[in-house]
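Quick mapping for you: the protein sequence lines, in order, are chains A and B.
Going by my numbering, the first sequence opens with residue -13, and the numbers climb by one from there.
Going by my numbering, the second sequence opens with residue -13, and the numbers climb by one from there.
Encoded as structure tokens, the structure appears first; notes follow it.
There are 2 protein chains.
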Amino acid sequence: MLGKFQIGIMGTGNIAGVMADTVNKMKNVKLYAVASREKVKADVFAGKYGCKKAYGSYEELASDNKVDLIYIATPHSEHFANAKMCIEHGKPVLCEKAFTANAMQAEELIRLSEEKGVFLAEAMWTRYMPMLTTIREVIGSGVIGEPKTLTANLGYAVSHLERMKDPNLAGGALLDLSIYPLNFALMLFGYNIAKIHSSCTYTDTGVDEQDSITLQYIDGRMAHLNSSMVSLSDRKGIVYGTKGFIIVENINNFQSVAVYDSLYKKVGLYKCPKQISGYEYEVEASVKAIRSRQIECAEMPHAESLRVMKIMDSIRKEWGIVFPFEKAETEPKSVEEKTEQEAAVLNDKQSLDRENQESGNPELEKAGQMENQE
Amino acid sequence: MLGKFQIGIMGTGNIAGVMADTVNKMKNVKLYAVASREKVKADVFAGKYGCKKAYGSYEELASDNKVDLIYIATPHSEHFANAKMCIEHGKPVLCEKAFTANAMQAEELIRLSEEKGVFLAEAMWTRYMPMLTTIREVIGSGVIGEPKTLTANLGYAVSHLERMKDPNLAGGALLDLSIYPLNFALMLFGYNIAKIHSSCTYTDTGVDEQDSITLQYIDGRMAHLNSSMVSLSDRKGIVYGTKGFIIVENINNFQSVAVYDSLYKKVGLYKCPKQISGYEYEVEASVKAIRSRQIECAEMPHAESLRVMKIMDSIRKEWGIVFPFEKAETEPKSVEEKTEQEAAVLNDKQSLDRENQESGNPELEKAGQMENQE
């Protein structure tokens, strides 16, 4: 384990590509394998990024003894099944956010990780960034007085992307976009939440299109969060104190922290250190944890991933949004429904389509957006 | 009426001073009189700003035949009684926001204005600013695509100011601070609101300390508004579209509108034209309306002031915040309570204290804030 750490990537979409490129530029880790449900895609990916192995099934990747860590970049509706399979094969997992589709799935994965003693972490990349420490230090310095209020937003005009609106793929703004403002608030204001108020508008497919989430803390602090899949937002996270405020540029990939005093003058600016893509930090943290035989990362421990999923579950419950596969899990099925669902599972074409609808980071949706505009 | 328009000012606080200074720098209007419940305060104010008349009671000002317009700058808990008295004396009124303490009071004033044919307008100054037209033009140009989302906030660490927390003075963040984000949303997204979701934290005196208000429009647009009396905010209003967004600097006194494209590049900047204080526009609009025998301003018509008050009433109802004088208006009083209330009304000292707690514009609270910091 003291040689180069061998990374396997599950999925071949944009985010998988960024991770491959990042790993190739890192020391101590090596891009080793890629897996897709379509062998040809794995081959193309392997050719492009220089993977030694290209697998036409996820199970082959999970079974390869030379893989030290599997990075899961499939749609979030698939994370549970994919991660479960990896852990059952004893393979450490770094899984893209949203960690799972709901808390029940997260609990099951965590239980399995503990039972098998296999590493499991959520690739909520901002949690691992050195800029998070900088932001915390700036707030902790007292320069803005006592922090009392927080706002954060994330929006991209991405409602044309199939997975965003598809309830079968755990679509909606919440799991893809609101998860960033939510993590931003939890990272900086913590967890002593007294009440959560939220509301949303709906797509024609019945998932949330624009979200508004307000966290009220026991000590009176408030976090105002919003996201949208129909408009482009400034992506800023702002913490307001009694003497000033800080503006974090891009909560989806921290670029800078600017400090403003009570006269609205900029009195400080901290820029993001040079980074490969920003993905390197979650990989480094995972490698470090695995090497010291931890089954989780301190930066995003199991309890934390579970907490986020539970909050999102409670919000979805209020909004009346239940994913079809959740209904299947909790409600008795009619014969017709069951047959339809089984038919769907057997439908290879659909499975392949799903793979193409990777989850992950909206930064990269920009590419899709721009293509769409051309 | 074709000579210089003679302005009378009711109240002698910060905002009254800014208005006096503004009027002195305007053409076609003249600062004529000031009134306070304390004659000495009126005298000092008159001396400082050069008023011909200084009255020791509001009624004297309202009775002066040479006054063409009375600007009311008393606490918002007093607006109703002050404006009513002016209108009953046939005097045109420009009343600081919040227009009244509740919609019932607003309705009564509007009814009276119509009955008597006397001009009445709310001094919601951003409604009258030329920058509002600029903002509307920028959005209308299509440069940010279709506007879908809006955020606006206003926060000042002003909870040390007595009136902010005093329920007797219609305190709380809502009437003083949230009124700005709320007007910002109504000015730009209009009134076809499907649902309003809101929440707040409370001061130890039982009024709202931090507010979160989400407006859902029938067409799926959303406006996320927040305010705070315990933290300093960036005061930005942002409209997010499908292709970009605009950032309005300071929704409490429009300074600029910056346009950002889908790559987050600033592609346009419109600055506020040179102005005296910004108060001149509401005065000019009032003079123009009065001269053409209108009883309201097109920029902030009666229906609009009433709409805002109704929204704030409904929000306060959800929050369970009832001002003490509202309880008196709607609930049967016990003998003890009635005696106490009457005693309070008779308490001159208290009345004078109230006068010193003017309502109006948080821009000017900054002064108070800075004094406090020294």
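No residue lacks a Cβ here, since even glycine has one placed at the ideal position from N, Cα and C.
These figures come from a predicted structure and were not determined experimentally.
Within the DSSP bridge table, the entry for P133/A names G227/A as partners. By the Cβ-count criterion, N51/A is exposed, with fewer than 16 other Cβ atoms from all chains shown falling within 10 Å of its own Cβ.
Contact residues of the segment 191 to 206 of chain A toward chain B are E195, Q196, D197, S198, T200, Q202, Y203, G206 (C-beta to C-beta distance below 9 angstroms). Between Y35/B and A6/B, the C-beta spacing is below 7 angstroms.
Counted as a single uninterrupted DSSP element, the stretch harbouring Q261/A is not any beta strand (DSSP E), since DSSP gives it neither H nor E. Using a Cβ-Cβ distance cut-off of 8 angstroms, the segment 222 to 234 of chain A and the segment 207 to 227 of chain B are in contact, since at least three pairs of beta carbons, one from each stretch, lie closer than that value. At the C-beta level, Q196/B and T189/B stay beyond 7 angstroms of one another.
Under the Cβ criterion (8 angstroms, minimum of three pairs), the segment 132 to 141 of chain A does not count as touching the segment 248 to 258 of chain A. When C-beta atoms of the segment 96 to 106 of chain B are compared with those of the segment 177 to 184 of chain A, fewer than three pairs fall below 8 angstroms, so the two segments do not count as touching. Contact with chain B is found for D220/A, since one of that chain's Cβ atoms lies less than 7 angstroms from the residue's Cβ.
Between the segment 155 to 173 of chain B and the segment 197 to 205 of chain B there are three or more C-beta pairs closer than 8 angstroms, enough to call the two in contact.
If one requires a minimum length of 4 residues, the alpha helix (DSSP H) runs lying completely within the segment 18 to 106 of chain B are 25 to 35, 44 to 49, 65 to 74, 89 to 102, in chain order. A Cβ-Cβ separation of about 5 angstroms places R113/A in contact with E285/A under the 8 angstroms criterion. Measuring C-alpha to C-alpha distances from K83/B to each of G306/B, K134/B, W305/B, W111/B identifies W111/B as the nearest.
Under the 10 Å beta carbon count, V253/B is surrounded by fewer than 16 other beta carbons and is classified as exposed. Using a Cβ-Cβ cut-off of 7 angstroms, M208/B is close to T187, Q196, S198 of chain A, given in chain order. For V129/A, same chain residues with a beta-carbon under 6 angstroms away, outside a window of 5 residues either side, are V245 in chain order. The beta carbons of G(-6)/A and A19/A sit closer together than 7 angstroms. Assignment of G128/B by DSSP, reduced to helix, strand and coil, places it in the coil class.
The residue from Y57/A, E64/A, L118/A with its alpha-carbon nearest to that of L106/A is Y57/A.
In the structure shown, the three-state DSSP call for S248/B is coil. Neighbours of N139/B in chain A, taken as residues whose beta carbon is under 7 angstroms from its own, are T137 in chain order. By alpha-carbon distance to L17/B, the top candidate from A159/B, E24/B, E74/B, V4/B is V4/B. According to the DSSP secondary-structure assignment, S278/A is paired through a beta bridge with no residue. Residue pairing for N212/B: DSSP places it in a beta bridge opposite N139/B, S198/B.
In the DSSP assignment, Q(-8)/A is bridged to K16/A. The DSSP-derived three-state label of S184/B is strand. Measuring C-alpha to C-alpha distances from N14/B to each of V53/B, I224/B, F(-9)/B identifies F(-9)/B as the nearest.
At a C-beta separation below 8 angstroms, T228/A has these neighbours in chain B: A143, V216, S217, L218. Judged by their CB atoms, A89/B and K296/B are nearer to each other than the 7 angstroms cut-off. Of all residues in the segment 227 to 247 of chain B, only G227, T228, K229, G230, F231, I233, Y246 come within less than 8 angstroms of chain A when Cβ atoms are compared, listed by chain position. In the three-state reduction of the DSSP assignment, V234/B falls in the strand class, which pools E and B. For M5/B, the enclosing alpha helix (DSSP H) stretches over residues 0 to 11.
Around the beta-carbon of V26/A, fewer than 16 other beta-carbon atoms lie within 10 Å, marking it exposed.
Chain B has a Cβ within less than 7 angstroms of the Cβ of H183/A.
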